[in-house]
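Reviewing the structure listed below.
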């Protein structure tokens, strides 16, 4: 009697019927040829990755199917795996292409067990007669297991009886046991040594990085017909994964602190604390809660806060506060005493005080953890600063706070909206009448308030941050209410030129309630003039808060009174500090080894995607105050205006060109007002009108037939892409400037900041240098990302190098874009020489280029080419913009139109192209 018949005798009647159906299906499949499976012999073998495969009760390996596979002795392992994979698909029912077992008419008697939730630490065995659904198996294990079956089937006389005997589930780890009647056995499993993590440990990592919880992953797996984990087991696995994630987070924040410290040391930023000089940095801080407050209920059970370095833009510290513990609450409800456990409750005070407590803790640990002093922080209007001053973190050293300008103006606009809608809070001097709010132009006047605050802050920021300018800014902000209602006697020249152009409405309104409330709102923001003049914002930490919101699932669910909330916030830190696919870096930090190739590929993709993300253009917001709450009227469509005629366009370009010309005074004024360069909106506005030195080489070498789309987008500021190379260059530029001063024996600060120079010769040319040296020199600094770890002299050996070494000295290649940039800078600024600096951590090369006959000859060659591009390509968009009118394609001279047509045709679908060809 066979083993199968012995087993059959011990089963119930329903099990016997089910087993009979299984045996019948096996016999039918033994007579089935390879082609009957739906896969022809000329098809490619399916690719097996760590795969999800369906299991049926008829998974039998037959001698007939074995005969269809070539002799393994003549095949290499790759071919064996491919053939075995095809064999498995066609004969062992491992893919969806296999035919399901035919009905025997008595399916109602068959047992249909639902997928069970398996405990991860206790194996559960399932007989082959009851296998159902799909399983996740390792590709390596599938390949080796099937090859074992193949080899045994060729040598054993009972080879046709090889089948799945049982399945052992330990959590999500599945082990399929194959056996032969001769007693031979082998297994196929979910885990081998080739995967990054065992599947039971990988599951909570995947859930955290997604992020989803137990209910979501259970629904996901059930939909795929995969057994789901046990709730208690999943909780324990989550706690284990959380420990690893927290460890990786600590290491990531430690690394960010080391980078901040290195930069602070190179810049020479120190403060004296306790008699010792310690590197000092500026940070941004903010808090966030698990529950939405909706402006009234500030009673969240969980809260977190973070400290982010302003230079590296990475999280240096985070912590959470928790007002509940799951086990303690559970036993308190029952009136019993809980067993000894790790209690996660660490806060009994009001939820609103969580942020201050965490930030104070982070400042207290700054020296111990990072060896840094947080001498200045940027935040919103909360009580954090007073808590820090009370704590006396750094002995007698007083930490300075800069209020976020965005929060200040937003709070001002909120007060203005309350005035506009008569939604007054607190002790108001009275109600605002409908007549006051229905005056003509009130919406426009209130919109000008926020813009005026920003404009005044920007102006005095350019002049310099000192007590005199802070006082002047305060006066100008208080004067805004007079300005918007037509009285300009106290307006500064920079502020407006409206005197005498509009009626003075102040006498009509100065006795009203609205006038007093408007004055109170402006006085409140004027008191923060010392912060406004800095023009700093807390956008970094606001961005981090949005990442936290993603990982705590949008504040929509309660993450429980355990460790889950902390591990989710830690995951947000890793995502913010590294990439969106942070598990790869976290695994490497914790285990000190590389993860699998799949993880590394995903990490590389995430890095590339983040580096190519476009920086949103800084557009002024239009804030609606809703006077009288009247609905918007529908005035119909807004048809696109056609282009100006050629004659009109030529006249408009000529008039516009005249406005760009400047005299010496205008040149100096523009340069002074744009000295912060990329942090200054005026700098962007001035340079987008002109041919800049940084684009000179590209435009000079550009063919007349080349499409102008990408170049115009770059010139007009439509492509503000921030790459790692650009971040690196900006970060190290100031360090290179300090090193240059040391090498040249100059005093610290001898190299002055430079703004945007407009050419006195022709206003369509401009240049921004990296520094001004005395009255005769300029500085141009390059910090190449590609050679950041070697000395600049190593760059000479590379083909893309802009420098050559001849006659014992370094020189710029005459045909390189950097040389054209220096030439234009020299002739636009009128300076005598330019020091071209190449800087890395390993050293520096300084090349001095003089303004002489050689550079003049090159400049005379460049000018007509650049001028032609400005007149034919850039100026038409400046005076009659197509983009603003919704037309996606720029104008182009006839020589470029052919290339534009080619590019446009590349975007046409094959179906459309066929129609065009027929026409």
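In my numbering, the protein residues as written are 615 to 1533.
Each residue gets a CB set at the ideal place from its N, CA and C atoms; glycine is no exception.
As the structure is a prediction and not an experimental result, all values here were calculated from the model.
Do residue i and residue j have their C-beta atoms within less than 9 Å of each other?
i	j	result
residue 972	residue 935	yes
residue 1186	residue 1217	no
residue 991	residue 959	no
residue 1494	residue 1322	no
residue 1101	residue 1090	no
residue 1348	residue 881	yes
residue 1481	residue 1376	yes
residue 804	residue 787	yes
residue 1184	residue 1401	no
residue 868	residue 893	no
residue 1224	residue 1194	yes
residue 1099	residue 1066	no
residue 749	residue 790	yes
residue 852	residue 818	yes
residue 1190	residue 1157	yes
residue 1092	residue 1137	yes
residue 1046	residue 1173	no
residue 839	residue 746	yes
residue 1445	residue 1424	no
Strictly by DSSP, which residues pair up with residue i?
i	result
residue 1305	1379
residue 993	1017
residue 739	782
residue 1425	1418
residue 1365	1387
residue 1070	Its beta-bridge partners do not exist; DSSP assigns none.
residue 790	781, 802
residue 932	920
Could you give the C-beta distance for residue i and residue j, rounded to a whole number, given that I count them as a contact under 8 Å?
i	j	result
residue 1369	residue 1289	4 Å
residue 870	residue 941	Actually they are not in contact, since the Cβ atoms of residue 870 and residue 941 sit about 35 Å apart, beyond 8 Å.
residue 1506	residue 1267	No, residue 1506 and residue 1267 are not in contact; Cβ-Cβ is about 15 Å, not under 8 Å.
residue 1210	residue 809	6 Å
residue 1357	residue 1458	7 Å
residue 922	residue 898	5 Å
residue 1084	residue 1140	Wrong, their Cβ atoms sit about 10 Å apart, outside the cutoff.
Run the CB neighbour count on residue i, radius 10 Å, all protein chains shown included, and call it buried at 16 or more, exposed below.
i	result
residue 997	exposed
residue 1285	buried
residue 1201	buried
residue 1150	buried
residue 1097	buried
residue 737	exposed
residue 1171	exposed
residue 1205	exposed
residue 651	Low local confidence applies: a pLDDT of 35 at residue 651 is under 50, so the model's placement there is unreliable, with the coordinate-based value given in what follows. Looking at its Cβ environment, which holds 16 or more other Cβ atoms inside 10 Å, residue 651 is buried.
residue 1018	buried
residue 855	buried
residue 1428	exposed
residue 1281	buried
residue 685	Low confidence applies here, because residue 685 scores a pLDDT of 40, under 50, leaving its location unreliable and the question unanswered by this model.
residue 1072	buried
residue 1107	exposed
residue 1448	buried
residue 964	exposed
residue 1435	buried
residue 1088	buried
residue 1387	buried
So, at 7 Å on beta carbons, what are the nonlocal neighbours of residue i in its own chain, with the 5 sequence-adjacent residues on each side left out?
i	result
residue 1287	1076, 1296, 1369
residue 1485	1267
residue 1329	1302, 1309, 1488
residue 1155	898, 899, 900, 920, 922
residue 763	675, 776, 792, 800
To which residues of the same chain is residue i closer than 8 Å at the C-beta, ignoring the five residues directly before and after it?
i	result
residue 1312	1325, 1431
residue 1135	1026, 1029, 1030, 1033
residue 766	773, 776, 794, 798, 800
Could you name the residues of the same chain whose beta carbon sits closer than 6 Å to that of residue i, not counting the 5 residues immediately before and after it, in chain order?
i	result
residue 916	904, 936, 1179
residue 821	831
residue 782	737, 739, 789
residue 1196	1188, 1189
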